[in-house]
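Undergrad: One structure is given below, represented as structure tokens, and several questions about it will come after.
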Amino acid sequence: IMGGDKAPDKTIPWQVMLSVDGSRGGAIVIGDRWIMTAAHNLVQQGTPVLKEKLRVFVGDNDAEKLAKLTPLGVASLHPHPEYNNPDDANYNHDIALIKLQQSLTFHAAIMPLCLPPEGATYTSGQIGMVSGFGIKEHDIIANELRYIRLPVVGEDKCQDSVKKAKAATPITRIPLLTDNMFCAGVPEGGKDSCMGDSGGAYVLKDDSTKRFWAAGIVSWGVGCGQSGRYGVYTRVAKYIGWINKTMEDN
Amino acid sequence: CWRLARSLPALHGEVQSPQFPQPYPAALSQQWDLSVPEGYQLQLSFTQLDIEPSANCYYDSLTVLYDKKVLAKFCGQENSADGHHPGNQPLLSPGNRLTLVFQTDDTNPEPHQHLGFSAHYQAKDIDECSAPDPEDGSGPLCSQFCHNTLGSYMCSCRHGYELRPDQRTCVLSCGGGIFDEPEGTLSSPGYPDPSPHGLACQYVISVEPGFIVTLNFTDSFHIEHIGTQNVPSCLYHWLQVSIPDKEPQKLCGGKSPGLMPTNSHTVQLDYHTDWAGLSQGWSLHYTTQRVQCASPSYVTNGRVTPNFLQYYYRDYIQVRCDSGYKLIMDGREIKSYASMCQNNGKWHLSLPECHIIDCGEPEALLNGGVKFISGSQNQYLSVIQYHCNEPFYSLLGGATVSYTCAADRKWRDNLDTHVIPSCIPVCGQPTEPISGFQR
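In order, the protein sequence lines correspond to chains A and B.
Just so you know, the numbering used here puts 6 at position 5 of the first sequence, and the rest follows in order with no gaps.
Just so you know, the numbering used here puts 98 at position 76 of the second sequence, and the rest follows in order with no gaps.
Right under this line is the structure:
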């Protein structure tokens, strides 16, 4: 998380830390047996990660302390079936579910995040919050969970940003921005999610229920915190049907 | 079918003179022994008889004999003046046989050639019953009723009498034997006439175990006695009443014993008269009643059905516990209870008890708990309440939390469901908010 702050204990109890062969990712508790993350955490260079290699930690904001805990047992991995990103250029459907072997018991440090409410809207300028154990300033990995509040960016503005990035780096294949994604961030840069945060939650708060819900999953971006560029998040509200079906079928 | 070793005599047959219808030979002497089965008479009918006529049938003749006794001697022709022709009249043998002897002399002087005879015989049933006396003259063939049958007869007796072993004469019946109907009437032989002498009649009343016999003597009771009326001595005539496991009781005198409960399902009556004296006899009607069982005692928290004033053999009772109670017998729970009054007057099962039921430990609620609101030991009508571990779990909206131990031993809520509630995780509401004041 760039430009963010350290999250006090128990403030983001749905945060999960993933580790695959030393690379870090984020994820979200959404039920007592289910965790949601980005598909690209579980499928690397087109190859599914073995569930035995995936280490899942919950219950603390300190990465070092978390890493010393016993990882949660993973029963099965369910990347979205249409996620297909062998060349790091297609982040469409970047969403996955992890089924745990044992049920979690919730307490102040572990709590599920709500899924998008029916008819959820992503209003441009609406402030959300993204958290993670990923890179903070100066390419330093965060040892403690950090968070930052960022606004939802309008679709046009985000498309323009991606087009400009393409134009600026013609030899680089910039991923396409699809309807299954949305952007969040600030135009001046410096505040963004970054590597190691992917899979974590971009949350919005429902004014009526005062509850946080998972609006996005940290997915991709062109660099981190650069001016005129925004972070791209999986639009979770598009996947409610798939999430419910996957959980029911399994 | 077996072929009989010796065939019975035929019921009918024919007999003819030699060479009939050709003239018979001279110098002939031939005999036929005819017979029909025992019990029949033999009837002989001539279809033709043409034998040389002579005075007394001196030359040629057909002689009919029964037991060497000549019944008839025939010769001549029908309507002839000479000889002795049987005509159309059949000849009936006194018994079941006849002998025919046909004799001819050496010559036949007439130009006419005589043909001889042709006859047939048949068995004719004897009506033994019409015989006035049997052969020995000892009295009527049957002392009461006689029934003629083909080839035989049989005797029978009036009601109250029985045929003696001689199959002819009848004797007054004791009417004894075994009485196994639920009620009946017995009386001395010939009652209300005086009892015959020399009686040794036995009557056994034997009904199914579980029933008891009561004797009810009619007022008309008289058995010869010696001594006073009040203390009769049943020396020569008596009626002995024998009940198992009790001393036999001899009855006599002129006073009816009236009603006599026996408390037994079998009673033996022996009526004895000697060859003198006079007993007018007796009569009784017996009835049976079912053995009585003790009324079942009260069952706490239960009830016995049906509720009768008295219970008798084969009556069933059931015990049902009040709602919330279970049947316990010999320390073990039973599903149902029924007991029958046995033929010995005892119930076949002792009464059970009703114990309060127990719903068992309430099912644990994941991420929640349960506590007792009222009652204890999980017994009937105890109330429990579920709760979730707040604030991380909450009950699904509308879920009920109070459950009562029901009669079916399940914890049920006020909607009668026994499914416990679920604790749903609370999402998106950290207990520690991120706060900051810097702008």
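We put the CB at the ideal spot given by N, CA and C, even for glycine.
Write down the C-beta distance between M37 of chain A and A215 of chain A rounded to the nearest angstrom, noting that I regard them as a contact closer than 8 Å.
TA: The count along the first sequence starts at 1 and reaches residue 37 of chain A at position 36. The count along the first sequence starts at 1 and reaches residue 215 of chain A at position 214. Indeed, because the Cβ distance is near 7 Å, the residues count as touching under 8 Å.
Undergrad: Shorter than 8 Å from the beta carbon of I13 of chain A to some beta carbon of chain B?
TA: Numbered from 1 along the first sequence, position 12 holds the residue referred to as residue 13 of chain A. For I13 of chain A, the answer is yes, since a Cβ of chain B falls inside 8 Å of its Cβ.
Undergrad: Is the CB-CB distance between S76 of chain B and F96 of chain B below 8 Å?
TA: Numbered from its first residue, the second sequence carries residue 76 of chain B at position 54. Numbered from its first residue, the second sequence carries residue 96 of chain B at position 74. Against a cut-off of 8 Å, the Cβ pair of F96 of chain B and S76 of chain B comes out as no contact.
Undergrad: Could you give the C-beta distance for V237 of chain A and G217 of chain A, rounded to a whole number, given that I count them as a contact under 8 Å?
TA: Start at 1 with the first residue of the first sequence, and residue 237 of chain A comes out as number 236. Start at 1 with the first residue of the first sequence, and residue 217 of chain A comes out as number 216. Sure, about 6 Å apart at Cβ, within 8 Å.
Undergrad: Taking C-beta pairs closer than 8 Å, name the residues in chain A that Y415 of chain B reaches, listed in chain order.
TA: On the second sequence, residue 415 of chain B is found 393 positions in, with the first residue counted as 1. Neighbours of Y415 of chain B on chain A, chain order: F107.
Undergrad: Rounded to the nearest angstrom, what separates S7 of chain B and V58 of chain B at their Cα positions?
TA: What the structure shows of chain B is the stretch from 23 to 461, and residue 7 of chain B is not part of that stretch, so it cannot be assessed.
Undergrad: Helix, strand or coil for K52 of chain A per DSSP?
TA: As a working mapping, residue 52 of chain A is identified with position 51 in the first sequence. In this structure, K52 of chain A counts as helix in the three-state DSSP scheme.
Undergrad: Quick check on the burial criterion: 16 or more other C-beta atoms within 10 angstroms. Buried or exposed for L172 of chain B?
TA: Translated into positions along the second sequence, residue 172 of chain B becomes position 150. Result: exposed.
Undergrad: Let me know the secondary structure DSSP gives G105 of chain B once reduced to three states.
TA: Position 83 of the second sequence, counted from the first residue, corresponds to residue 105 of chain B. In the structure shown, G105 of chain B sits in coil (DSSP, three-state: anything other than H, G, I, E or B).
Undergrad: Rounded to whole angstroms, how far is the Cβ of L208 of chain B from the Cβ of L291 of chain B, which I believe are closer than 8 Å?
TA: Mapped onto the second sequence, residue 208 of chain B falls at position 186. Mapped onto the second sequence, residue 291 of chain B falls at position 269. With 8 Å as the limit, L208 of chain B and L291 of chain B qualify as a contact, their Cβ atoms being about 7 Å apart.
Undergrad: Is V392 of chain B close to chain A? Criterion is C-beta to C-beta, closer than 8 Å.
TA: As a first step, residue 392 of chain B must be located in the second sequence, where it is residue number 370. Not an interface residue.
Undergrad: The beta strand (DSSP E) with E65 of chain A in it runs from where to where?
TA: For the purposes of this step, residue 65 of chain A is identified with residue 64 of the first sequence, where counting begins at 1. Unbroken run through E65 of chain A is the alpha helix (DSSP H), 64-69; no beta strand (DSSP E).
Undergrad: Under three-state DSSP, which class holds T210 of chain A?
TA: Along the first sequence, read from residue 1 onward, the residue named residue 210 of chain A stands at position 209. T210 of chain A falls in the coil class under three-state DSSP.
Undergrad: Thinking just about the alpha-carbon of each residue, which of B:G450, B:I456, B:P270 is nearest to the one in T210 of chain A?
TA: Along the first sequence, one-based indexing puts residue 210 of chain A at 209. Among B:G450, B:I456, B:P270, the Cα nearest to that of T210 of chain A is on B:G450.
Undergrad: Would you call Y80 of chain B buried or exposed, if buried means 16 or more other Cβ atoms sit within 10 Å of its Cβ?
TA: The residue given as residue 80 of chain B occupies position 58 in the second sequence. Burial call: exposed.
Undergrad: For I241 of chain A, does the three-state DSSP call read helix, strand or coil?
TA: The count along the first sequence starts at 1 and reaches residue 241 of chain A at position 240. Helix, per DSSP.
Undergrad: Thinking just about the alpha-carbon of each residue, which of A:K52, A:Q127, A:L19, A:T71 is nearest to the one in D198 of chain A?
TA: Mapped onto the first sequence, residue 198 of chain A falls at position 197. If we check each option's Cα against that of D198 of chain A, A:L19 comes out closest.
Undergrad: 8 Å is my cut-off, CB to CB: does C449 of chain B come that close to chain A?
TA: The residue you call residue 449 of chain B lines up with position 427 of the second sequence. Yes, C449 of chain B counts as interfacial toward chain A.
Undergrad: Between the beta-carbon of L50 of chain B and the beta-carbon of F124 of chain B, is there less than 8 Å?
TA: The residue labelled residue 50 of chain B in the question sits at position 28 within the second sequence. The residue labelled residue 124 of chain B in the question sits at position 102 within the second sequence. The answer is yes: Cβ separation under 8 Å.
Undergrad: When you measure from the CB of R236 of chain A to every non-hydrogen atom of the ligand ATP, does any distance come out below 7 Å?
TA: With respect to the ligand ATP, the structure shown offers nothing to examine, as it has no ligands at all.
Undergrad: Does V263 of chain B pass the burial test, meaning 16 or more other C-beta atoms within 10 Å, or should it be called exposed?
TA: Walking along the second sequence from the start, residue 263 of chain B turns up at place 241. When all chains shown are included, V263 of chain B counts as buried.
Undergrad: Please tell me whether K54 of chain A and V21 of chain A are closer than 8 Å, where the distance is taken between their beta carbons.
TA: Numbered from its first residue, the first sequence carries residue 54 of chain A at position 53. Numbered from its first residue, the first sequence carries residue 21 of chain A at position 20. Yes.
Undergrad: Applying a beta-carbon distance threshold of less than 8 Å, which residues of chain A neighbour P443 of chain B?
TA: Start at 1 with the first residue of the second sequence, and residue 443 of chain B comes out as number 421. Neighbours of P443 of chain B on chain A: none; closest Cβ ~16 Å, over 8 Å.
Undergrad: How long is the line joining the alpha carbons of L26 of chain B and Q302 of chain B, rounded to whole angstroms?
TA: Here residue 26 of chain B refers to the residue found at position 4 of the second sequence. Here residue 302 of chain B refers to the residue found at position 280 of the second sequence. Its pLDDT being 49, under 50, L26 of chain B is placed unreliably by the model, and nothing is read from it.
Undergrad: For W214 of chain A, go through chain B and note every residue whose CB falls closer than 7 Å to its CB, in chain order.
TA: As a working mapping, residue 214 of chain A is identified with position 213 in the first sequence. Simply G450.
Undergrad: Nearest by alpha-carbon distance to G232 of chain A: which of A:K239, A:G190, A:T247 is it?
TA: The residue given as residue 232 of chain A occupies position 231 in the first sequence. When only C-alpha atoms are compared, the closest one is A:G190.
Undergrad: Can you find a CB in chain D that lies within less than 8 Å of the CB of E385 of chain B?
TA: Any reference to chain D falls outside this structure, whose protein chains are A and B.
Undergrad: Under three-state DSSP, which class holds N170 of chain B?
TA: By 1-based counting over the second sequence, the position of residue 170 of chain B is 148. Three-state result, N170 of chain B: strand.
Undergrad: Whose C-alpha, out of B:Y402, B:N365, B:Y415, B:L371, is nearest the C-alpha of N389 of chain B?
TA: Along the second sequence, one-based indexing puts residue 389 of chain B at 367. The candidate whose alpha carbon is nearest that of N389 of chain B is B:Y415.
Undergrad: Quickly, what does DSSP pair V405 of chain B with across the bridge? List them, please.
TA: Counted from its first residue, the second sequence places residue 405 of chain B at position 383. V405 of chain B pairs with B:S396, B:T426.
Undergrad: Kindly list, in the order they appear in chain A, the residues whose Cβ is closer than 8 Å to that of T426 of chain B.
TA: For this step, residue 426 of chain B is matched to residue 404 along the second sequence. None at all; the shortest Cβ gap to chain A is about 29 Å.
Undergrad: Against Y148 of chain A, what residues of chain B qualify as contacts under a CB-to-CB distance less than 9 Å, listed in chain order?
TA: Stepping through the first sequence from its first residue, residue 148 of chain A is reached at position 147. Result: I456.
Undergrad: Hey, is D10 of chain A's beta-carbon within less than 8 Å of any beta-carbon in chain B?
TA: Taking the first sequence and counting its residues from 1, one reaches residue 10 of chain A at position 9. Cβ-Cβ to chain B under 8 Å: yes for D10 of chain A.
Undergrad: Taking contact to mean at least 3 C-beta pairs separated by less than 8 Å, is the stretch 95-108 of chain A in contact with the stretch 361-380 of chain B?
TA: No contact exists between the stretch 95-108 of chain A and the stretch 361-380 of chain B.
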